[in-house]
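To start, the structure under review is shown below, and the notes come after it.
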Amino acid sequence: MSTSSPAKRAAPASGVNLANMAYRAIMDMILDRHIPSGEVIVEDRLANALSISRTPIREALVRLESEGLVRKEANRPYRVRQVSNREYFQSMRLREILEGEAIANAIDKLDPKRLQAIKTEMLRLREEPKIRVEDHWAADEELHTMIAAGSGNAVMAEIIRELRVTTRMFELSGLPSRIRPDCEEHLTIIAALESGDPAKARAAMEQHIRSLATDVLNDIAKV
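Going by our numbering, the letters in the sequence shown line up with residues 194 to 416, in that order.
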């Protein structure tokens, strides 16, 4: 049968699918640092690169703005969000408080199978000779999101999500990777969750976030 037969033609992508594709592509460009922190996003250039119109690009940017990855001021183009040192450390302090509370509340509400799956991935990453940053961030997101959602406080979970976006955007600005210490600290958090002790879990989470903030501070001091 000819490939030009109507039965074999791929259905044209819908506007929703194009917007989703643009959203994923632009987000990947930001997270992979192809569009650096603070850089203006040129809609025409993105539309040409992705071979789509500007409409799905704009829809994707609106979604990315709502998630805290890009910012737009009146009558100005979108820019990749830039997080200051001050905002980063203030956000980390709030994360320490809120995520400590979240894990204490979530300790008896988490799915053991899901927790075990995350533990298996963390163990794999710890032994991996060359860890992909994307894999590390995916595992990190899975653990912290599960705990925040498991707290039973939807408002707190949403604030934690927003704070995590803020701190991740800052860490994308070029700071050295901290993958292996994160793996070890995540495994300590998981062990505390498995112990069933809320105080131990809270302490493990708070120490993890303090450790991250301290390492970032030390890296900044070296610059």
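The beta carbon of each residue, even a glycine, is placed where N, CA and C say it ideally should be. Here the structure is a predicted model, which means the values were calculated and not measured.
Residue burial is scored here from C-beta neighbours: S244 has fewer than 16 other C-beta atoms within 10 angstroms and is therefore classed as exposed. By the C-beta density criterion, G345 is exposed, having fewer than 16 other C-beta atoms within 10 angstroms. DSSP, read as helix, strand or coil, puts R272 in strand. Taking 9 Å as the cut-off, the beta carbon of L254 is found closer than this to the beta carbon of I234. Residue state for V235 is assigned as coil, using DSSP reduced to three classes. For R269, the number of other beta carbons within 10 angstroms of its own is below 16, and it is reported as exposed.
Distance check between I383 and each of S284, R279, E314 places E314 closest, using alpha-carbon atoms only. Note on N241: under 16 other CB atoms within 10 angstroms of its CB, so exposed under the neighbour-count rule. Pairing E387 with A267, the inter-Cα distance amounts to about 49 Å. In the DSSP assignment, E321 falls outside any alpha helix (DSSP H) and carries neither an H nor an E.
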